Structure formats: structure tokens, C-alpha cells
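What follows is a single structure, written as C-alpha cells, with notes after it.
Next comes the structure, spelled out in C-alpha cells:
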């Protein structure tokens, strides 16, 4: 059994020809453990992961691993959202660049939160992602909480944390809405564990959720074509709104012109005579 665990991330294993590669994109705020999560999935220190208030990931980075069954998993790490040292436009450009890195499309987007930080700080992340990728991105999203080691030290489960430490999460918060949109796809990761069995088990739980995402999307990954389609739809909606606004403005202007003409034809009314 131990040999199987040690070989879990062996890049020399044969690649499955019947099992296409899967691409996972890591997104979240700076400091939530995105890069450490990527390393846990890959089984090696591929991404730079260290404590930093400014974030250590400045550009999209892609790494891959071959699983025991020959499945290739591509992991794309992205810059932290709302990173104070970078302009929002620059961050958005880098995150959208990951679409071009994902040659076979994006099979799941992992929205990363941390049990070590206040949950309310992350409430804008999802709306920011919708702005970047479109509303359908929720169909491909999986919520990942890092900091499993801290919960274990406190003898707490993720459910304990969500219901006791941050009850608003399951009541009226934006994150509750996110969970509903994601069909409650949620998994906990301990990025610090040295337990090989635990490392394998949490990756297997994540892979099961990725397979669930694939089934719910009829096996179709999020592709650049879908992104372009969403952009076209958004553009059409905006153009329609602008046209309606222009028509409304023209209608109001026409009514004003008619009113002024009527006033000019009736000088008594124009001069306030009775």
C-alpha cells in the first residue's frame, strides 16, 4: 500500500490515452494558500509558497502531474485577487491569460478560502470572478478551504468551523449564495500534513468533485470559445441597453420639442396670461 502512495505523483508513469487531461485553475485572495494547495495537488514544491502580504505569484504559472491511473492534471496558479501591490486590470489580465494556458479548456476552478482568515474579506472575490469569466463560471467552481491542520489541532471539523466560528456563512452571507451556486461542492485541505495517506485522500476527494463538475457540464470544459460567447452576449446586452436609453432620450427630447412648439403657438400661455 505504501508503494502505491509513494508512486501517486510519479511523472514517469504512462499517460492514459483514454483519459484526457484535466486543467484546474486556482483563484482566491492573497494569503489564502493557493500556491500551497497547488503543491499539495501536484505532490511536490512546484509553486513558490510563503507568507507574504504582497503575494508571491505575479503571473499565471502552469504545472502538471500524472496520476496512478494515467490521468494528467494541469494546475494553473494565478495572482491573488485584490493584491494591493498590483492594479486590478493587471490582475484581471493575468487571470484571463490562464484561459490560453488551458489548451483543453478549464475543467474546474478552485476558489480558495482559508480557515485562518476572516471569511467576510472574501465576499467580493466571487463577483470579481463573474466579471472576469461570466456568470456561468459557477458551474465549474469548487470551494476549497485550506488550514485543515489548524482545525485538526482544535479538534474541529469543517462543518464545525462553518456553523460555529462563522455562522453567517450558512445564513445570509454572500458565501452562502456561492455554495448554493456551486451545488455545495466543498473540500478541506491540509497543506502542511506529512501523512502520505492523508495527502492522497484529500486529492482523491478533490478529483471526485472535479469528475462531478464534468458530469454536470456534460463533459464540456470551460473554453475560450465559451468565454468569447459570454463576452459577445454581454456586449449585445450592453448595446441593447444603450439603444433603449438613446431611444428613451430621443423620445423625451421629441416630447419637449412638441411642448415648446405648442407654447410658441399659444403666446398667452407662453407669457403667463389668463
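Numbering (our numbering), first residue to last: 3 to 276. Ideal Cβ placement from N, Cα and C applies to all residues, glycine included. If you're wondering where the values come from, they're calculated on a predicted model, not measured in any experiment.
Assigned secondary structure, residue i (DSSP; H/G/I helix, E/B strand, else coil)
i: residue 118; result: coil
i: residue 61; result: coil
i: residue 151; result: helix
i: residue 76; result: strand
i: residue 138; result: helix
i: residue 82; result: coil
i: residue 69; result: coil
i: residue 22; result: coil
i: residue 187; result: coil
i: residue 110; result: strand
i: residue 50; result: coil
Candidates the options, of which the one nearest residue i by Cα
i: residue 40; options: 198, 209, 193 and 222; result: 193
i: residue 141; options: 180, 165 and 65; result: 180
i: residue 216; options: 144, 178 and 37; result: 144
i: residue 38; options: 116, 218, 214 and 103; result: 116
i: residue 139; options: 62, 32, 36 and 219; result: 219
i: residue 81; options: 63, 252 and 69; result: 63
i: residue 99; options: 149, 50 and 135; result: 135
8 Å Cβ cutoff, residue i in contact with chain B
i: residue 32; result: Any reference to chain B falls outside this structure, which holds one protein chain only.
Cβ neighbour criterion (16 or more within 10 Å) applied to residue i
i: residue 86; result: Because residue 86 sits at a pLDDT of 40, beneath the cut-off of 50, its placement in the model cannot be relied upon, and the following sentence gives the value as read from the coordinates. Residue 86 comes out exposed.
i: residue 210; result: exposed
i: residue 46; result: exposed
i: residue 35; result: buried
i: residue 1; result: An answer regarding residue 1 cannot be provided, because it is not within the stretch 3 to 276 covered by the chain.
Near the ligand ADP: residue i beta-carbon under 7 Å from a heavy atom
i: residue 133; result: For the ligand ADP, the structure offers nothing, since it holds no ligand at all.
Cβ separation of residue i and residue j, assumed to be a contact under 8 Å, to the nearest whole Å
i: residue 208; j: residue 43; result: 7 Å
i: residue 28; j: residue 114; result: 6 Å
i: residue 108; j: residue 223; result: 6 Å
i: residue 151; j: residue 195; result: 6 Å
i: residue 25; j: residue 78; result: 7 Å
i: residue 30; j: residue 127; result: 6 Å
Count the C-beta pairs between the region 69-79 and the region 147-159 that are closer than 8 Å, then say yes if the count reaches three, no if not. Between the region 69-79 and the region 147-159, the count of C-beta pairs closer than 8 Å stays below three; the two stretches do not touch.
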